[in-house]
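One structure below.
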Amino acid sequence: MISMNMIAKKLKLSRCTISNILNENTKYKYKKETIDLVKKTAENMGYISNKVAQSLKTGRSGTIAFILPDIGHPFFIEIAKIITQLSFSLGYSLIICASE
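For the sequence shown, UniProt numbering gives the first residue as 1, with consecutive numbering after it.
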């Protein structure tokens with residue numbers, strides 16, 4: 001598994017810089033060339049962000065659970081569609097369950 005440290009060593013940049021760029025942290029400003037290089041290198045090396053590690057670090061999973069009282073009722077199906085569209089547009093994962 002490719003880590004941010006491996007990308008940092010390859011590019012001779014700090015791990016912090018790699019993290020800021022890959023996590024799109026806007027607090028720090030980097031040249032467009034540096035951003036493009038980091039993202040391209042990460043992609044070429046096969047880097048995949050570890051969502052579990054990010055969740056543990058931030059205390060946020062990025063997941064919303066939605067429990068429907070009646071999964072077959074048209075009203076609740078429409079609500080589920082709206083919540084699905086909204087949550088995905090905001091970058092959240094969604095788990096839908098029936099309480100029945």
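From the three backbone atoms N, C-alpha and C, an ideal C-beta is built for every residue, glycine too.
On a predicted model such as this, the values are computed, not experimentally measured, just so you know.
What are the complete alpha helix (DSSP H) segments, minimum 4 residues, inside the UniProt domain "HTH lacI-type" (1–73)?
4–11, 15–22, 32–45 and 51–58
Tell whether a beta-carbon distance below 7 Å holds between Ile64 and Tyr92.
yes
Where the beta strand (DSSP E) containing Leu94 begins and where it ends
Ser93 to Ala98
Pick from Ile67, Leu13 and Lys81: whose alpha carbon is nearest that of Ala98?
Ile67
Can you find the residues in the same chain that come closer than 6 Å, C-beta to C-beta, to Asp36, ignoring five residues on each side of it along the sequence?
none
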